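The structure appears below as C-alpha cells.
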Amino acid sequence: MSEGENSPVPLGSGGAPGERRWYGSLEATMGGSESPADSPGSPAASTNIHTSNEYMELDEPEILDEKKALLEEFERKRRARMIHVTTDDSEVKQQLRQLGEPICLFGEGPADRRNRLKELLSRLGEDALKKTVAGTQDAEAPEQEQQRPEETWYHEGPQALKEARTFILEYSIPRARARLKKEHLDNEIPEATRTARRQEVQNKLRSFSLLGSQNADSRPISYCSFSPNGKLLATSSWSGLCKIWKVPDCQEEQKMSGHNCYVDCIEWHPSATLTMEPNALNLVSSGRDGTVQLWNLCGEALGELPRLEARVSRVVFHPSGRFLGACVHDNSWRLWDLEIQEEVLFQEGHSKPVFCLDFQGDGSLAATGGMDAFGRIWDLRSGRCVMFLTGHQNAILGINWSPDGYHLVSGSEDNSARIWDVRARRCIYSIPAHTGIVTGARYDKIGGQYIVTSSYDGSVRLWCHGSFQPMRALEGHGQKVMGVDISPTDGIIATCAFDRTFKLWGPD
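Residue numbering for the sequence shown is 4 to 511, as defined by the numbering used here.
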C-alpha cells in the first residue's frame, strides 16, 4: 500500500464511495496537546458549542418579603401567647366593644372569645385598650364639663328624716356619756389587774370546744343570730325557712315560713326576749328577692316591708329598736322608721352593692361594707360620711363594732380581717386570718376582749384584741362556714355552714 493510501483522511472531508477511512489512534488523539476544537479561536468552538447570555432571574425581593412576613407572624403569635387577658367573660365582651369588634360570633364560646381578644391585641398592641379608653374620655370630658357644672348636690329628704336624726341625736348622747364614764373607770383599774383579766380571757379562749351540733335544714344555713337574752338562736336557710332553736339544747322552738327564695339574714329586735311582748315585732329576715319579713316570737308573720328591686343581703336593727337598716344590692343602704312604717333614708356612696351593715352601740354611727372593697362610717345625726375604710383588696362581707364604740373589725374576700380605730381614723392592724374568704367577723359583746372570724376554709378562729394573737381554731364543719355570732350573756359561739348544720362552741 502506498503512502497516500495509508494517510488518514481528514474528518469532514469527502471521499469516494467504498473508500476506507482512517482516523488515527485514540492515544494520539487523547495524548496530544490542545486540539483545534478546544482552542479558543477555532471555528469548531464557535460553531458546535452554543452559549447564551440569558439568565433566569430569581425574585429575591418577593422571597425576602415572604420571609419577613413569616417571621412577623411567628413574633405576633409569640406576643399573643404572652398577653394576659381577663377570664371574666363580661369584661372580655366589654373590651371587644371598646375595640370596635363584635362581642360574640356565631358558635363562639368564652374561650374562643378570649383567644380572639388576644389575637386582636397582638395585632393592635397591648395598649390599644388604654388608647381607646383615653381617647373616649378625652372626647367626652369637654362635653361633660359643659353639661354638668361643678356643684354640691344632696338628696332632698322628707321631714321624717329630720325627725329621725333628731331622735338619734337625743338617744345617742346619754349612751355615749355612759360609755365614756365606764371607760374612765376601767382606766383607773391597776395594770396588774387588767393583765390578770386578759390572761383569764386567753385561757378561756384556749379551752373552747364543741358543745353541740344540729342538722338545721335540708339546704345550707346562711345566717345565725343569738337572742338578746342568749337563750335562743335564730337561723336562716337557702330553703326559704327561718327557725328558732333553744340554747344549748339545740331543740327546734319555732319554724317561720314566708320567703320564696334564699334567706340571707335574720336578726333580733334589741328588746326581744327581754321587754318585748312575744306577739310584737321580735325578728326580721331578708331574702334575695328583695323582701323583708317581720316576725313575732310565735313564728307568725306580722307584715312585709315594700319589696325592693334588688337583693337585700343584711338587715340590722338600730340599738333603739325604732329603725331598721338594710343593705341593698343597688349600691345603697336604706333606713326605715318602723313606728311610722316609712323609708326615711336612701343612702348612696358605694360603687358596688352594699353587703354588710352594723350600728355603733350608742346609735350615732353606722358602718357599711361593700363589694367595692371599701367601707364607710356614717354619722346618722348629720348624714355625713366621717371615715373611709380603705385597705381591703376584695369585697367586705362582714363588719362589726366593738363595745368600746371606737374600734371595729371587718372581714373580706381577700382572706383577711382588719381592725379600725375611729379616733385615729386608720387601720391599726391587719390579720391574715384564713386561707379562704372571711364570711363573718364579730367582737365579744360583753367586753370586746376577743374577736371571732369565720371563713370558707371551714374553720372559725379566735383572736385576742390588743395583741391580735390567734388563741384557738375551731374546726368541725365539713364545708364553708357561712356565719358566726357570739352570745351576749355567756360568750357561747354559734356557727352555721354550708353542710346544713349549726354548731355551738364554748369553754370546757
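Ideal Cβ placement from N, Cα and C applies to all residues, glycine included.
Computed from a prediction, not measured in an experiment: that's the story for all the values here.
Pick helix, strand or coil for residue i, following the three-state DSSP scheme.
{"i": "V95", "result": "helix"}
{"i": "S45", "result": "Low confidence applies here, because S45 scores a pLDDT of 46, under 50, leaving its location unreliable; read the following figure in that light. Three-state DSSP puts S45 in coil, outside helix and strand."}
{"i": "T442", "result": "strand"}
{"i": "Q162", "result": "helix"}
{"i": "Q344", "result": "coil"}
{"i": "E76", "result": "helix"}
{"i": "K355", "result": "coil"}
{"i": "R387", "result": "coil"}
{"i": "N218", "result": "strand"}
{"i": "E37", "result": "Bear in mind that the predicted position of E37 carries a pLDDT of just 48, short of 50, making it unreliable; the figure below should be weighed with that in mind. Looking at E37 - three-state DSSP - the assignment turns out to be coil, as it is neither helix nor strand."}
{"i": "Y226", "result": "strand"}
{"i": "I496", "result": "strand"}
{"i": "T50", "result": "Unreliable placement is indicated for T50, whose pLDDT of 47 sits below 50; no coordinate value is reported for it."}
{"i": "T504", "result": "strand"}
{"i": "I380", "result": "strand"}
{"i": "N403", "result": "strand"}
{"i": "I247", "result": "strand"}
{"i": "H410", "result": "strand"}
{"i": "A179", "result": "helix"}
{"i": "R314", "result": "coil"}
{"i": "R429", "result": "strand"}
{"i": "T238", "result": "strand"}
{"i": "R325", "result": "coil"}
{"i": "E186", "result": "helix"}
{"i": "T296", "result": "Reading off the sequence shown, one finds Gln at residue 296, where the question assumed Thr. Strand, per DSSP."}
{"i": "I449", "result": "coil"}
Look at residue i and residue j and say whether their C-beta atoms are less than 7 Å apart.
{"i": "S316", "j": "D511", "result": "no"}
{"i": "P231", "j": "A275", "result": "yes"}
{"i": "V412", "j": "S457", "result": "no"}
{"i": "F320", "j": "H272", "result": "yes"}
{"i": "E416", "j": "I454", "result": "no"}
{"i": "G293", "j": "A313", "result": "yes"}
{"i": "V95", "j": "K121", "result": "no"}
{"i": "V287", "j": "L311", "result": "no"}
{"i": "Y409", "j": "I422", "result": "no"}
{"i": "G509", "j": "L214", "result": "yes"}
{"i": "F471", "j": "I434", "result": "yes"}
{"i": "D407", "j": "G451", "result": "yes"}
{"i": "R222", "j": "S240", "result": "yes"}
{"i": "G324", "j": "M259", "result": "no"}
{"i": "L300", "j": "L284", "result": "no"}
{"i": "I269", "j": "C499", "result": "no"}
{"i": "L507", "j": "P251", "result": "yes"}
{"i": "T492", "j": "D460", "result": "no"}
{"i": "F505", "j": "C227", "result": "yes"}
{"i": "F349", "j": "D340", "result": "no"}
How far does the beta strand (DSSP E) with residue i in it extend, from its first residue to its last?
{"i": "D333", "result": "No beta strand (DSSP E) holds D333; DSSP gives it neither H nor E."}
{"i": "K258", "result": "255 to 260"}
{"i": "N285", "result": "Element bounds for N285: n/a, residue is neither H nor E."}
{"i": "D488", "result": "484 to 489"}
{"i": "V463", "result": "462 to 467"}
{"i": "M474", "result": "473 to 478"}
{"i": "T456", "result": "453 to 458"}
{"i": "C301", "result": "C301 -> no beta strand (DSSP E), and no H or E assigned at all."}
{"i": "A370", "result": "368 to 373"}
{"i": "C268", "result": "266 to 271"}
{"i": "D424", "result": "420 to 424"}
Taking buried to mean at least 16 other C-beta atoms within 10 Å of its own C-beta, is residue i buried or exposed?
{"i": "A47", "result": "Unreliable placement is indicated for A47, whose pLDDT of 45 sits below 50; no coordinate value is reported for it."}
{"i": "S289", "result": "buried"}
{"i": "G110", "result": "exposed"}
{"i": "D130", "result": "exposed"}
{"i": "R337", "result": "buried"}
{"i": "G15", "result": "Here the model assigns G15 a pLDDT of 48, short of 50, so the residue's position is not dependable, and the following value carries that caveat. Exposed: under 16 other Cβ atoms inside 10 Å."}
{"i": "F391", "result": "exposed"}
{"i": "D220", "result": "buried"}
{"i": "C245", "result": "buried"}
{"i": "H187", "result": "exposed"}
{"i": "G243", "result": "buried"}
{"i": "V484", "result": "buried"}
{"i": "L383", "result": "buried"}
{"i": "A369", "result": "buried"}
{"i": "G44", "result": "Confidence in G44 is poor, its pLDDT being 47 and thus under 50, which makes the residue's placement unreliable; the coordinate value appears in the next sentence. Under this definition G44 is an exposed residue."}
Along the chain, where does the alpha helix (DSSP H) that runs through residue i open and close?
{"i": "L199", "result": "Reading off the sequence, residue 199 comes out as Ala, not Leu. First-last of the alpha helix (DSSP H) with A199: 194 to 209."}
{"i": "P113", "result": "113 to 127"}
*asked:* Tell me whether the region 361 to 371 and the region 169 to 180 touch, counting them as touching only if at least three CB pairs, one residue from each stretch, are closer than 8 Å.
replied: Proximity of the region 361 to 371 to the region 169 to 180 meets the contact definition, three or more beta-carbon pairs being nearer than 8 Å.
*Report yes or no: do three or more beta-carbon pairs, one from the region 391 to 401 and one from the region 350 to 359, lie closer than 8 Å?*
With a cut-off of 8 Å, the region 350 to 359 and the region 391 to 401 count as touching, because enough Cβ pairs lie within range.
*At least three beta-carbon pairs within less than 8 Å, the region 189 to 197 to the region 474 to 483*: Taking a cut-off of 8 Å for Cβ pairs, the region 189 to 197 and the region 474 to 483 do not touch, as fewer than three such pairs fall below it.
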